[in-house]
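So the sequence shown is numbered by numbering that gives the first Met the number 0: it starts at 0 and just counts up by one. In this text, a Cβ means the ideal position worked out from N, Cα and C, and glycines have one as well. Remarks on the structure that follows.
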Amino acid sequence: MAYERELSVAKKAASLASRLCQKVQKALLQSDVQSKSDKSPVTVADYGTQALISFVLQREIPSDSFSLVAEEDSGDLRKEDSKEILKRITELVNATLSTDGTYNLSLSEDDVLAAIDSGKSKGGPHGRHWVLDPIDGTKGFLRGDQYAIALALLDEGKVVLGVLACPNLPSRPIGEPEKHSLQNSVGCLFSASIGGGSVLQLLDGSSPTKVHVSTTENPAEASFFESYEAAHSMHGLSSSIAKKLGVQAPPVRIDSQAKYGALARGDGAIYLRFPHQGYREKIWDHAAGYIVVAEAGGVVSDASGNPLDFSRGRYLDLDTGIIVTNQKLMPLLLNAVREALKEQSQSASTL
Numbered sequence: 000m001a002y003e004r005e006l007s008v009a010k011k012a013a014s015l016a017s018r019l020c021q022k023v024q025k026a027l028l029q030s031d032v033q034s035k036s037d038k039s040p041v042t043v044a045d046y047g048t049q050a051l052i053s054f055v056l057q058r059e060i061p062s063d064s065f066s067l068v069a070e071e072d073s074g075d076l077r078k079e080d081s082k083e084i085l086k087r088i089t090e091l092v093n094a095t096l097s098t099d100g101t102y103n104l105s106l107s108e109d110d111v112l113a114a115i116d117s118g119k120s121k122g123g124p125h126g127r128h129w130v131l132d133p134i135d136g137t138k139g140f141l142r143g144d145q146y147a148i149a150l151a152l153l154d155e156g157k158v159v160l161g162v163l164a165c166p167n168l169p170s171r172p173i174g175e176p177e178k179h180s181l182q183n184s185v186g187c188l189f190s191a192s193i194g195g196g197s198v199l200q201l202l203d204g205s206s207p208t209k210v211h212v213s214t215t216e217n218p219a220e221a222s223f224f225e226s227y228e229a230a231h232s233m234h235g236l237s238s239s240i241a242k243k244l245g246v247q248a249p250p251v252r253i254d255s256q257a258k259y260g261a262l263a264r265g266d267g268a269i270y271l272r273f274p275h276q277g278y279r280e281k282i283w284d285h286a287a288g289y290i291v292v293a294e295a296g297g298v299v300s301d302a303s304g305n306p307l308d309f310s311r312g313r314y315l316d317l318d319t320g321i322i323v324t325n326q327k328l329m330p331l332l333l334n335a336v337r338e339a340l341k342e343q344s345q346s347a348s349t350l
């Protein structure tokens, strides 16, 4: 299998990061002191995950040209008032590494800062670039809902493997997300490599199984996913598209790239994402989910049906939004999208 070693290491790194995040989230949810407006727990988990995964990748796959395109840098952690948070992050990373049993070492605070700053790569069309969103869905993390650790590898501008660790995603098909905020959930690990299909296993290390997107051809039988937060995607436009398509079920709103994982195993048939004007999509928000769905038989495109281009640096150059479904529904979905966008444009021009 192509990229077998890289995929194995990516799964190991994401699984370890899941342990780190689960520990932080469990403490957050059990605490009577932490308020939901206090962002420090997700800050610790976010930086800790990036440091941990960066370290594991460099340790397990040594390279003189290691490149990581990631969301965070250590600027804020180097400030005087962040000393305590940096100490907590370092302790958490070391505690998590020790659970693996293969790393007989202890990272210093400087090691952690350096690992985080390894994520400053700008990506691009040449060479290999790891792409990481350490915690995708930070608001979901704080609520105790869905979030994902999303790691992918670009090779010459193409996504060749991806791993989605979804610690709160149940093993059974997902319905309304608020019913599945399970503190004791085992969680799911999706992985895919180019030409190798998409695989699901539980984060407890259970045997992997191949997954496939929904085979639904009738829009009336399809359900669709969209972002939980209205600030992340235009719910009204998604509703208009679903209505034109003939979808009868209400939307299932889920934080993070867990939507891609759920779609890859057939929990729903459609994912619509239409950010508000001026927003630029980052490659780490979609790279891992893209290949997990594509290798499960799905189609991921922009609103005009063009494939996503991950070779242009840290951002996607998109036409309006992102749509995801199976091959049978895509032509119908594209038509509905065009009609809804045309109506939206006409409505805006009359204001």
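In the three-state DSSP reduction, residue 212 falls in the coil class, being neither helix nor strand.
If you draw a straight line from the Cα of residue 71 to the Cα of residue 53, it is about 12 Å long.
C-alpha of residue 88 to C-alpha of residue 56: approximately 18 Å in a straight line. The C-alpha of residue 135 lies about 11 Å from the C-alpha of residue 258.
Shown here, residue 78 sits in coil according to DSSP, grouped into three states, outside any helix or strand. Of the residues assessed, residue 226 falls on the buried side of the cut-off, its CB having 16 or more other CB atoms within 10 angstroms. For residue 147, the enclosing beta strand (DSSP E) covers residues 147-154. For secondary structure counted as the alpha helix (DSSP H) over 4 or more consecutive residues, the region 70-121 holds these complete runs in sequence order: 82-97, 108-116. Straight-line measurement puts the Cα of residue 126 at about 42 Å from the Cα of residue 217. In the three-state reduction of the DSSP assignment, residue 17 falls in the helix class. With a 10 Å radius around the Cβ and a threshold of 16 neighbouring Cβ atoms, residue 99 comes out exposed. Between the alpha carbons of residue 150 and residue 283 lies a distance of about 8 Å.
Distance from the CA of residue 28 to the CA of residue 185, rounded to the nearest whole angstrom, comes to 16 Å.
The region 304-315 and the region 252-268 do not touch, with fewer than three beta-carbon pairs separated by less than 8 Å.
If you compare the alpha carbons of 203, 270, 334 with that of residue 221, the shortest gap goes to 270. Residue 143 and residue 337 have their C-alpha atoms spaced approximately 36 Å apart. Of the candidates 279, 299, 119, 289, the residue whose Cα lies closest to the Cα of residue 189 is 289. By the criterion of a C-beta distance shorter than 7 Å, residue 243 is surrounded in its chain by 335, 338, 339, once the five residues flanking it on both sides are discounted.
According to the DSSP secondary-structure assignment, residue 157 is paired through a beta bridge with 154. If the five residues before and after residue 208 are omitted, its C-beta is found closer than 8 Å to the C-beta atoms of 198, 199, 200, all from its own chain and listed in chain order.
In this chain, the beta strand (DSSP E) harbouring residue 190 covers 187-192.
In this structure, the beta-carbon distance from residue 26 to residue 51 does not fall below 7 Å. In the three-state DSSP reduction, residue 234 falls in the helix class (H, G or I).
In the three-state reduction of the DSSP assignment, residue 200 falls in the strand class. Within the same chain, Cβ atoms closer than 7 Å to the Cβ of residue 138 are found at 228, 254, the five residues on either side in sequence being excluded.
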